[in-house]
Amino acid sequence: MFTGVPMKDVYELLTQEDLTSDLQLLQDFCGFDTIKVLLRNFGGLSFYIPKITRLESLVLKYVKEHSDKTYKQMAKELNVSEQYLKTLIKKQLN
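Just so you know, the working numbering puts 50 at position 50 of the sequence shown, and the rest follows in order with no gaps.
Structure, rendered in structure tokens:
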């Protein structure tokens, strides 16, 4: 049994070497302190990080703000297909 360190403070013992490969990847983008916050508050939960195509309202805002660009340019910037953009816009208009 681990004694001497209250549960809330156990993450103070955490080092970068303790992280799984997934957490190391997140740490590279978010920072080590953010990983500790995630572990303290969301330990045991699974997260799904969607592709941008699941964030249709965001894509539509982007299209609206960049209406001077071609479908090809926007698709490249968003890492989606031109057909996806056309279909989404058509769906929005109906």
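C-beta atoms are modelled at their ideal positions from N, C-alpha and C, and glycine is treated no differently.
- Look at Asp-68 here: in three-state DSSP terms it is coil, with no helix or strand label.
- Looking only at Gln-83, Val-37 and Gln-73, the smallest Cα-Cα distance to Val-10 is reached by Val-37.
- Excluding its 5 nearest sequence neighbours in each direction, Ser-81 has C-beta neighbours in its own chain below 8 Å: Ala-75, listed in chain order.
- Between Ile-52 and Leu-78, the gap from beta carbon to beta carbon is short of 8 Å.
- Collapsing the DSSP output to three states places Asn-41 in a helix.
- Leaving aside the five residues that flank Lys-72 on each side, the residues in its chain whose CB is nearer than 8 Å to its CB run, in chain order, Glu-82.
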